[in-house]
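> The structure follows.
There are 2 protein chains.
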Amino acid sequence: MTVTFEKISPNLDLNHKVNLRKARGESLVNMAFGEARLPPFPALVDHLIAGARRNSYGSVLGDDQAREAVSGYFTRRRQPTSPDQVILAPGSKPLLMALSLVLPGDVLLPRPCWNTYAPQAHLAGKRAYGIPIPDDCGGVPEPTALRDSIRAARLLGHDPRIVVVTLPDNPTGTLAPPDTVREICAIAEEEDLFIVSDEIYRDLVHDTRAQILSPAEVVPHRVVVTSGLSKSLAIGGWRIGVARFPSSSAGMHVRDGVASAASEIWSTLARPMQSVAAYAFSEPPELRAHVAATARLHGELARAVHGIMVNAGATCRRPTGGFYVYPDFEPLRANLALHGVTDSDSLRDHLLEEYGIAVLAGHLLGDDSKALRFKAATSMLYGENEEQQWAALNAPRPLALPHIREYLTRIEEAIAKLCA
Amino acid sequence: MTVTFEKISPNLDLNHKVNLRKARGESLVNMAFGEARLPPFPALVDHLIAGARRNSYGSVLGDDQAREAVSGYFTRRRQPTSPDQVILAPGSKPLLMALSLVLPGDVLLPRPCWNTYAPQAHLAGKRAYGIPIPDDCGGVPEPTALRDSIRAARLLGHDPRIVVVTLPDNPTGTLAPPDTVREICAIAEEEDLFIVSDEIYRDLVHDTRAQILSPAEVVPHRVVVTSGLSKSLAIGGWRIGVARFPSSSAGMHVRDGVASAASEIWSTLARPMQSVAAYAFSEPPELRAHVAATARLHGELARAVHGIMVNAGATCRRPTGGFYVYPDFEPLRANLALHGVTDSDSLRDHLLEEYGIAVLAGHLLGDDSKALRFKAATSMLYGENEEQQWAALNAPRPLALPHIREYLTRIEEAIAKLCA
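Quick look at the structure:
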């Protein structure tokens, strides 16, 4: 199988274009890229520096100390884990790719979902099915639709065997409630599915009423959990990801498969980064406090942008975790049509060209291209420099900061004009 | 296509086993792992530290400054290169994997060759053909055998379209002479093959008479060159690799495909590592001097171990670059049989169990399992600690250093007993 690639992963591509426009001096509000635009926590930098002299190849699975820390991290989240169940990698992305190569069968995805799951399935020669999400949350397929899709796929002779869930979700910024997760797990048991649970936004739940239940707590023998430090600690540029495998012998078999793929595709996470991982996953109090402050800030901005969308007449699931909102302008279709906006492509283009507001069009996340939906990463609104970003993080009322108010006003005015 | 993985890449796996034995206090001479066991050059560490605060995602292709430096690196090697032709990645391994996914057709490999080429081809759903190397060098298929293999494969309806060459070679430590490279290029033209030229050992040619010719100098439109800093600068643990694509529109199409695969599989090289790359590929005089000293040391040890093998009666291509030797004990088959050594598996086991000498068995590199061949990485003999390693690097006569003499004596005695 040889895959023809036509384009770069759309989020990274758009980020590049936005940076080019910025470099030309254009004023943009960039919410198109899923990055927590915050400075690195100083102790993380210290640990990277402390590990800087470690130049030799490490174990494919990761350093013992780092795997020990990661096992503690999961164990503290009601997922008892031994270091043997852990692999570290340069990001969770390569781990998800390896899982796609190792696990048999086709892949069931929420629709919309993160724009890398489906291309990875295709790279591994798999079919990927997009299944609508429930009305109240994203990150999981709607359970009835999931059952129907499995049945339909099997009638065609296909073999759906993997379901991917994102808890909390990218792109909707919502967290599937425990009951929905239990339903997905029950279906996985009945239909013999493996669950890949992407929990990279887990520590960024900002709705204090929201409860997170991992499928690994319900059907641990059929769940691989992936996570990383890119989102919770805003170090996407350092590329540190982890996977947690079931402790069963079948789980260890999957781990061995991923380790084998790792050894042929990327070898190992860079050693200096493993020093960072050993510190970060041990979660000392100062780091927990920092992550908590970060989550609070994400919540403030996500709710503010959510409010703008809903006030303008769009529907939008209320964000509970991560740093995204995913509005739907269907109720305003007639109004948008007056501006030539009739689908997600023209919606994205209009916002960028008319108002300098960059968002990621819904169809790039597997959603219906005729729908009027986009993903906005509200984590890009903390400021242009570290000073503004630290101010946002430390402010008791970040929305009152002038630079943030300016972003929000600009978004509010643009959305008001769009919907007029 | 779903691949069943049975084992970890054998070199990394063996390294892990050797480390476990060492941790138990056993005295080992480990030549099983292709690492330059040397400290990092201090300025490299300085640049990693200087880049440590760079926490945001970078461009998929690599930072402008790093790509500029890499383009200079190749241009200084008679491969005129613009930054557009360059992609950086966490190692050359993921770049080779992406090339396997992007380039159409089956893969033609030298036999023996680096143990990752064939598994990557299989991961990409390709067939891999191992073609014997010439008598005088490794890293390239013997030209007549290459022609025959292409013909035979096509008769079976297969589609060999890619040939991989390694200049200088892993595992034989030899450099294919320019005439042989030209022959391979001529075949590539006739048969419409794409050439992947792995030049990661390029700066470690230690035979001053040896001349390197890259296929990219001969048929530039059909060659992708890969390289990295793991070998020449002994920073395998930092994972810094590069690829250079042809400047033609077809070449840019391949580059776009690799960029697309990169964006879905690994995103980007960690930003702090891009600061290292920008410095290292600019090759300031102090770094060139360091690499030259390293290459001299590699040559000293490779020739010493080569001498031991040949003196014992084995045949062995004389090493010219990199840090490997690849002896063949066929002339001593009857002697080895007295010790129960009858194939490459039992040869490797015997050396490890009887003498504590770890080498990589030839069949793990695609070679005939009945042959009595192995790869020895002589770069592992510089010492157990940085002090010994710096002493090795700075010594006018490194072979005279007590710790190195001890390694060599132990190898010499073991080989003598094996061949008795």
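Quick mapping for you: the protein sequence lines, in order, are chains A and B. Here the first sequence is numbered in full-length UniProt numbering, starting from 1 and rising by one per residue. Here the second sequence is numbered in full-length UniProt numbering, starting from 1 and rising by one per residue. Where a beta carbon is used, it is the ideal one built from N, C-alpha and C, also for glycine. Treat the numbers as computed from the prediction; the structure is a model and nothing was measured.
For a cutoff of 8 angstroms on Cβ pairs, would you count methionine 31 (chain A) as touching chain B?
no
> Under 8 angstroms between C-beta atoms, does tyrosine 407 (chain A) make it to chain B?
Taking Cβ atoms only, chain B never reaches closer than 8 angstroms to tyrosine 407 (chain A), which makes this a no.
> Is it right to say residue 421 (chain B) is buried, meaning 16 or more other beta carbons lie within 10 angstroms of its own, or is it exposed?
In this structure chain B extends from 1 to 420, so residue 421 (chain B) is not present and cannot be described.
> So which residues on chain B does proline 94 (chain A) lean against when the C-beta distance must stay under 8 angstroms?
Neighbours of proline 94 (chain A) in chain B, taken as residues whose beta carbon is under 8 angstroms from its own, are Pro94, Ile265 and Trp266 in chain order.
> Would you say threonine 116 (chain A) reaches chain B, if we count a Cβ-Cβ gap shorter than 8 angstroms as a contact?
yes
> Excluding the 5 residues preceding and the 5 following lysine 417 (chain B) in the sequence, name in chain order all residues of the same chain whose CB lies nearer than 6 angstroms to its CB.
none
> What residues of chain A sit near arginine 54 (chain B), judged by a beta carbon separation below 9 angstroms?
Per Cβ cutoff of 9 angstroms: Pro40, Gly237 and Trp238.
> Say the cut is 7 angstroms; is the CB of valine 254 (chain B) nearer than that to a heavy atom of the ligand GDP?
Judged by which ligands are present, the structure shown has none, so any question about the ligand GDP falls away.
> Within 10 angstroms of its Cβ, does residue 432 (chain B) collect 16 or more other Cβ (buried), or is it exposed?
The question about residue 432 (chain B) has no answer, for chain B in this structure spans 1 to 420.
> For glutamate 412 (chain B), which residues from the same chain have a beta carbon less than 6 angstroms from its beta carbon, with the 5 sequence-adjacent residues on both sides left out?
Hits under 6 angstroms: Ile308.
> Quick one: using the 10 Å Cβ neighbour count with 16 as the cut-off for buried, is proline 285 (chain B) buried or exposed?
exposed
> Short of 8 angstroms Cβ to Cβ, which residues in the region 101 to 132 of chain A face chain B?
Leu101, Val102, Leu103, Pro104, Gly105, Thr116, Pro119, Gln120, Leu123, Ala124, Gly125 and Lys126
> Where do the N-terminal and C-terminal ends of the beta strand (DSSP E) with valine 359 (chain A) fall, by residue?
Premise fails: valine 359 (chain A) is in no beta strand (DSSP E) and is neither H nor E.
> Does the Cβ of alanine 304 (chain B) have 16 or more other Cβ atoms within 10 Å, making it buried, or fewer, making it exposed?
Classification of alanine 304 (chain B): buried, given that the 10 Å Cβ count is 16 or more.
> Exposed or buried, what is threonine 144 (chain A) when buried is set at 16 or more other beta-carbons lying within 10 Å of its beta-carbon?
exposed
> Any contact of the region 178 to 198 of chain A with the region 208 to 226 of chain A, i.e. 3+ C-beta pairs under 8 angstroms?
yes
> Does the region 223 to 240 of chain B come close enough to the region 32 to 50 of chain B that 3 or more CB-CB pairs lie under 8 angstroms?
yes
> Can you tell me whether DSSP reads asparagine 19 (chain A) as helix, strand or coil?
helix
> Would a C-beta distance cut-off of 8 angstroms place leucine 338 (chain A) and leucine 372 (chain A) closer than the cut-off?
no
> Strictly by DSSP, which residues pair up with alanine 128 (chain A)?
A:Val107
> Mind checking leucine 17 (chain B): buried by the 16 CB within 10 Å criterion, or exposed?
Rather than leucine, the amino acid found at residue 17 (chain B) in this sequence is lysine. With fewer than 16 other Cβ atoms within 10 Å, it is exposed.
> Would you report the Cα separation of arginine 410 (chain B) and serine 248 (chain A), rounded to the nearest angstrom?
Rounded to whole angstroms, arginine 410 (chain B) and serine 248 (chain A) show a C-alpha spacing of 44 angstroms.
> Name the residues in the region 71 to 91 of chain A whose C-beta lies less than 8 angstroms from a C-beta of chain B; which are they?
Pro90 and Gly91
> Give the secondary structure of tyrosine 57 (chain A) by DSSP, where H, G and I count as helix, E and B as strand, and everything else as coil.
It is coil, neither helix nor strand.
> To the nearest whole angstrom, what separates the beta carbons of glutamine 228 (chain A) and isoleucine 200 (chain A), a pair I think is in contact under 8 angstroms?
The question names glutamine, yet the displayed sequence has glycine at residue 228 (chain A). With a Cβ gap of about 5 angstroms, glycine 228 (chain A) and isoleucine 200 (chain A) count as contacting.
> Please list the partners that arginine 255 (chain B) has in chain A, where partner means a Cβ-to-Cβ separation under 8 angstroms.
Within 8 angstroms Cβ-Cβ: nothing; arginine 255 (chain B) doesn't reach chain A, min ~10 angstroms.
> Can you name the residues of chain B whose CB is closer than 8 angstroms to the CB of arginine 271 (chain A)?
Gly237 and Trp238
> Taking 8 angstroms as the threshold (beta carbon to beta carbon), is lysine 17 (chain B) in contact with chain A?
no
> Give the DSSP-derived three-state secondary structure of asparagine 311 (chain B) in the structure shown.
helix
> Is the region 50 to 58 of chain B close to the region 269 to 279 of chain B, with three or more CB pairs under 8 angstroms?
Segments in contact, yes.
> Have a look at serine 267 (chain B) and asparagine 30 (chain A) and give me their C-alpha separation to the nearest angstrom.
19 angstroms
> Can you name the start and end residues of the beta strand (DSSP E) that glycine 241 (chain B) belongs to?
Per DSSP, glycine 241 (chain B) belongs to the beta strand (DSSP E) from 241 to 244.
> Would a C-beta distance cut-off of 8 angstroms place leucine 175 (chain B) and valine 205 (chain B) closer than the cut-off?
yes
> By the 8 angstroms beta-carbon criterion, what residues does the region 369 to 393 of chain A contribute toward chain B?
none
> Is the separation between the beta-carbon of phenylalanine 281 (chain B) and that of alanine 124 (chain B) shorter than 8 angstroms?
no
> Please compile the residues from chain A whose C-beta is within a distance smaller than 7 angstroms of the C-beta of leucine 48 (chain B).
Chain A residues near leucine 48 (chain B): Ala52 and Pro272.
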